[in-house]
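Residue numbers (my numbering), protein chains in the order written: chain A, 206 to 550; chain B, 206 to 550.
Where a beta carbon is used, it is the ideal one built from N, C-alpha and C, also for glycine.
As the structure is a prediction and not an experimental result, all values here were calculated from the model.
This report concerns only the one structure given below.
As structure tokens, this is what we get:
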């Protein structure tokens, strides 16, 4: 439970009959958003710092920093020390979005112009570089004894995220991508940062090594499920709720789990039809999406993918189970996982 | 004195009649080059790690990592612990070169194709990002107690280097740049990394706070002098020795100290002539360089700049003087400064 008084954040965790009232996901998001809106950057050079203010003010789900806060809260009541590292994780995540948008030539992010569109490519490269360095500075804003532990997790993860982006870019020109390669890519690009966020929060909270490792696995499995859901929502999401146009991945020939797995399962005739849809640039958008969805339905890819999503959520739950903390302290993290499980956007 | 036996590096500092035999600049470079050539990177994704191997194998003066080693050696005989942080500094420096080359559209670096030319822009962005993260990992490869001290110096410096690059890019479109702004830019872009290298080496060596700060100042002043020399060499260097074409800065309208100061000192007629040379894109290269050098000579800019260089070398020497270490231990650092003072490339 969070109350904000005179811009002082006060945390209170009540213990009553051995039931704890923990920070919810919404509480954590409030803490994170408050901390981000209070960030002070230098005024000069404005070309560097204005884009950073801009991308951080775009919002988003703030899932990763909330995970830092909530994981810390799992092990102790006072989460103050986790706030700056949480902000560091969010700055890092936004740095990767900023540079990915340059590499992918994306015009919009969250319905607003991307940094390289609003300013220019050079400013986007350099303000991204600054964010990468800043994130490391925020991560280490904690007690001295755990700095090295946090940085080892963070640096290792940061490298893997870059590797994931490279694998993803390679897929664009790589004809055949198998399921194993695809899962490795999303593990690097998405899952390890969920994992690291939860592990970093746990270390700050004072978790034992094995608890921190189980929290890492909890996050990794959540991240795998989250990314597979993303692929599903592109095709089967509710356009009113999803927030993006349906079928964008199909239109862009993106190698999603649905496509990779369908290519693996399809017999020759359907395979050839898919290859025609991928290669013939003249097929109108709507027609291409319709034809691909028909194949997906015939292969039953929605069910297959959903089973994979369920598998990872189950694994995540089991990892959280193994953490040696009073069950009632885990409830908000379970609710968060459930919320992700039911997500439609 | 360094001997390399079966790829084991053994350091021996002799003390005889209170005279120490310290690592020379060449010794240190040998240590650094050996460590860089022994670096092991992952094999996959090769698109990320091959460019890193490539840019690190290009060579260069290795001044910054040598400064880490020599500064450590100033305070203690065994420099083993400084090697990985020194490599971290060199990786960071090469990261900035890699991204700067994209931003500046440079085709060649050390007479070889730049990474974005040899591979492509996206690979250059992403392998630069990886280098930035790697550099931080190498910096913290030292005893636990000093990790936070090193990272504070390093992160602060890394931010300033990015700010310097942004100021430099701003100068391209900024009509008027004054001497103060110019000096601030080179302080950020070049001098602080010299300073941080010497401070980081000193901290590893066990220096006191004030000694480490004086080493920082020693490096900062060396860096200022070094960058001003760069501007001088572009115009007055010996083309046989310099290694780059003479007059490239003039050709590119680069706002060097020579140009900034000349614009400040010149009366209206000469100012107008300079502005014509800067704006008229049709003037042949040779003619433009010749005309600009004539103005420089008339203003006596070589002497004015050289006096500024001398000033910073003098300041550097005084900072080193203040470090509370037996004078004879300082000799190799003094020789290094002298060598930079006399540099022709």
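Residue 226/B versus residue 416/B - alpha carbon distance
21 Å
Mind checking which residues open and close the alpha helix (DSSP H) that includes residue 550/B?
Run containing residue 550/B: none; DSSP gives neither H nor E here.
For a contact meaning CB atoms closer than 7 Å, what does residue 334/A contact in chain B?
304, 337 and 367, listed in chain order.
Counting along the chain, where does the alpha helix (DSSP H) carrying residue 273/B start and finish?
268-280
Name the chain A residues that come within less than 8 Å of residue 250/B, Cβ to Cβ?
368, 371, 372 and 375
Since residue 374/A contacts residue 310/B with CB under 8 Å, what's their CB separation in whole angstroms?
Not a contact, Cβ separation roughly 22 Å.
Could you tell me whether the Cβ atoms of residue 427/A and residue 371/B are closer together than 8 Å?
no
For the alpha helix (DSSP H) holding residue 494/A, just list the boundary residues, first then last.
490-504
Residue range of the alpha helix (DSSP H) that residue 263/A falls in?
Taken as a continuous stretch (DSSP letters only), residue 263/A belongs to no alpha helix (DSSP H), as it is neither H nor E.
Look at the alpha carbon of residue 276/B and the alpha carbon of residue 447/B, and state the distance between them as a whole number of angstroms.
28 Å
6 Å Cβ shell around residue 430/A - same chain, five flanking residues per side excluded:
514, 517 and 518
Quick check: the Cα distance between residue 251/B and residue 259/B, rounded to an integer number of angstroms?
12 Å
For the stretch 319-330 of chain B, enumerate the residues whose C-beta is nearer than 7 Å to any C-beta of chain A, in chain order.
327 and 330
Roughly how many angstroms separate the alpha carbons of residue 414/A and residue 358/B, rounded to a whole number?
30 Å
Along the stretch 506-539 of chain A, where does the CB come closer than 7 Å to a CB of chain B? Name the residues.
none
Would residue 255/B pass as an interface residue toward chain A - the criterion being a Cβ-Cβ separation below 8 Å?
no
Who are residue 313/A's beta bridge partners in DSSP?
318/A
Selected residue, minimal CA-CA separation from residue 418/A, among 403/A, 409/A and 410/A:
403/A
Name, please, each residue of chain A whose Cβ falls closer than 8 Å to the Cβ of residue 458/B.
Within chain A, no residue comes near residue 458/B; the closest Cβ sits about 17 Å away, beyond 8 Å.
Going by CA-CA distance only, name the one from 335/A, 269/A and 302/A that's closest to residue 288/A.
269/A
Using a 10 Å radius around the Cβ and a threshold of 16 neighbouring Cβ atoms, would you call residue 409/A buried or exposed?
buried
If the criterion is Cβ atoms closer than 8 Å, does the pair residue 406/B and residue 273/B meet it?
It is a contact, given that the beta carbons lie within the stated cut-off.
Chain E residues whose Cβ lies nearer than 9 Å to that of residue 355/B:
Among the chains of the structure shown, chain E does not appear; the protein chains present are A and B.
8 Å contact criterion, which residue 344/B and residue 293/B should meet: CB distance rounded:
At roughly 4 Å, the Cβ-Cβ gap stays under 8 Å, so residue 344/B and residue 293/B are in contact.
8 Å is my cut-off, CB to CB: does residue 292/A come that close to chain B?
no
Inter-stretch contact at 8 Å, needing at least 3 Cβ pairs: the stretch 383-390 of chain B / the stretch 460-469 of chain B
yes
Indicate whether at least one CB of chain B lies closer than 8 Å to the CB of residue 346/A.
no
Any beta strand (DSSP E) of 3 or more consecutive residues that is wholly inside the stretch 390-429 of chain B
Counting only runs of at least 3 residues, the stretch 390-429 of chain B fully encloses no beta strand (DSSP E) element at all.
CB-CB under 6 Å to residue 267/B, same chain, minus the five flanking residues each way: which ones, in chain order?
234 and 237
If you draw a straight line from the C-alpha of residue 264/A to the C-alpha of residue 546/A, how long is it?
C-alpha of residue 264/A to C-alpha of residue 546/A: approximately 21 Å in a straight line.
Specify, as a first and last residue, the run of the alpha helix (DSSP H) that residue 371/B falls within.
352-378
Please confirm whether residue 422/A and residue 341/A have their CB atoms less than 8 Å apart.
The beta carbons of residue 422/A and residue 341/A sit no closer together than 8 Å.
Buried versus exposed call for residue 306/B [16 or more other C-beta atoms within 10 Å across all chains shown]
buried
Which residues mark the beginning and the end of the alpha helix (DSSP H) in which residue 250/A is found?
Careful: residue 250/A lies outside any alpha helix (DSSP H) and carries neither H nor E.
Taking only the alpha-carbon atoms, compute the straight-line gap between residue 339/B and residue 247/A and give it to the nearest angstrom.
26 Å
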